[in-house]
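In the numbering used here, the protein residues as written are -18 to 83.
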């Protein structure tokens, strides 16, 4: 069963730097993450808050990412604060019926 990792954080980056970093991550980091199918990047510029929604092939791969080095590095970044990480199983039948790409 697939799973979602949701990472929320506040940041002090410019919109251009945030967008450039997201694109670099998508092009260079994503291919090396075991079990990751896709990621959605969300941003609330007026609040300087961002969210990453990651779909993983399994709960094990989602938990490995959530507890791994990349998230730990994010927690020590001077550009990010108030980081929260949530792992949830996907209710696949209902999600597919609702049009989700799982």
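Glycine included, C-beta positions come from ideal geometry on N, C-alpha and C.
DSSP lists -13 and 21 as the beta-bridge partner residues of residue 34. For residue 77, the enclosing alpha helix (DSSP H) covers residues 73 to 78. By the neighbour-count criterion, in which 16 or more other beta carbons inside 10 Å mark a residue as buried, residue 65 falls on the exposed side.
Between the segment 64 to 78 and the segment -15 to -5 there are three or more inter-stretch CB-CB distances shorter than 8 Å, so the stretches are counted as touching. With a threshold of 16 other beta carbon atoms within 10 Å, residue 43 meets it and is buried.
In the displayed model, residue 50 falls within a helix according to three-state DSSP. Per the C-alpha coordinates, the member of 37, 0 and 83 positioned closest to residue 30 is 0. Going by DSSP, residue -2 is part of no beta strand (DSSP E) but of the alpha helix (DSSP H) stretching over -4 to 5. In this structure, residue 18 sits away from residue 33, with a CB-CB distance that is not shorter than 8 Å.
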